[in-house]
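Under our numbering, think of the first position of the sequence shown as 5, with each following residue one higher.
See structure below.
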Amino acid sequence: MTLLWIVLATFAGGVLSVMVAGLLTVSVLSRVVKSLVSLSAGILLGTSLLHVLPEAFESKTAEPHALFATLLAGLLFFWLLEKAELYRHAHHHEGDGHDHHHHFDTEQAGRGGYSVLVGDGIHNFCDGVIIAGAFLVDASLGVVTAIAIVAHEVPQEAGDFIVLLNAGFTRRKALLFNALSGLAAVAGGVIGYYLIEPWRELFPYLLVLASSSFVYIAVADLLPQLQRRLAWRETLSQVVWLAAGLLVVVVGTRLIEGAPH
Numbered sequence: 005m006t007l008l009w010i011v012l013a014t015f016a017g018g019v020l021s022v023m024v025a026g027l028l029t030v031s032v033l034s035r036v037v038k039s040l041v042s043l044s045a046g047i048l049l050g051t052s053l054l055h056v057l058p059e060a061f062e063s064k065t066a067e068p069h070a071l072f073a074t075l076l077a078g079l080l081f082f083w084l085l086e087k088a089e090l091y092r093h094a095h096h097h098e099g100d101g102h103d104h105h106h107h108f109d110t111e112q113a114g115r116g117g118y119s120v121l122v123g124d125g126i127h128n129f130c131d132g133v134i135i136a137g138a139f140l141v142d143a144s145l146g147v148v149t150a151i152a153i154v155a156h157e158v159p160q161e162a163g164d165f166i167v168l169l170n171a172g173f174t175r176r177k178a179l180l181f182n183a184l185s186g187l188a189a190v191a192g193g194v195i196g197y198y199l200i201e202p203w204r205e206l207f208p209y210l211l212v213l214a215s216s217s218f219v220y221i222a223v224a225d226l227l228p229q230l231q232r233r234l235a236w237r238e239t240l241s242q243v244v245w246l247a248a249g250l251l252v253v254v255v256g257t258r259l260i261e262g263a264p265h
């Protein structure tokens, strides 16, 4: 049953987010991506700092110093992966309000539309492993972690979809290749289930690694996008959406933990 939940959760995170992005028009995507970035930043920070990390530190099988060292190593690891363009999570595209120059999207995909997809595939695979580890610790933790990943994947896939379309990909081709890279999340979940399950004493460290991924994405990618001089209404909108993300985590966690198992 746990494996089934892992497959469903990774499918939602890796493929359904692509379908949502593909079903919307480019003009709609350009308008909603900015709000989704704020929302996903709140969800990622709330999930990692209010749920996943406390769960790891409550474990009696790992020392706090070792867990903090793992958190540091995780942040540096994902930073290095991004520098190698193997952990890409860009939400930037022409018309997103960040004053990108003309042909920005073409350059982004032109450096390798396919390398972008490979990077996303590796990112999705890591997400799948993270979801598997969370479900193996606790079902409610798995659900909350999956929600955090889905919340991040929708704006990411929307941004990638817009970049690929503006770079010359047909709508069908962009959707197909994004969906294929999304399936890597399912592969990561299944492989993670069979490889991680026998090593339960390592689960706290995996949870910390998951948190380092969420914190890195939020702090290094999402929040900097929101650090622009805006009209007070736009700033208020960012704050509201970010607070909504935190509220989703808090309320969602209580509902899941209070549900009958």
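Just so you know, even glycine gets a beta-carbon here, dropped at the ideal spot from N, CA and C.
When the beta-carbon positions are compared, F139 and G146 come within less than 7 Å of each other. Rounded to the nearest whole angstrom, the C-alpha separation of S241 and T65 is 42 Å.
Nearest to S44 by alpha-carbon distance, out of M5, G186, G123, S21, is S21. A residue is called buried when at least 16 other Cβ atoms come within 10 angstroms of its Cβ; W203 does not meet this threshold and is exposed. Taken in chain order, the unbroken stretches of alpha helix (DSSP H) that lie wholly in the stretch 173 to 209 and span 4 residues or more are 175 to 200.
Classified as exposed, K177 has fewer than 16 neighbouring CB atoms from the shown chains inside 10 Å of its CB. Relative to the Cα of F181, the nearest Cα in the group A13, T14, M23 belongs to M23. Rounded to whole angstroms, S39 and W245 show a C-alpha spacing of 6 Å.
Counting only the Cα atoms, W236 lies some 33 Å from F82. Non-local beta-carbon contacts of L213 in its own chain, meaning distances under 6 Å to residues more than five positions away in sequence, involve G78 in chain order.
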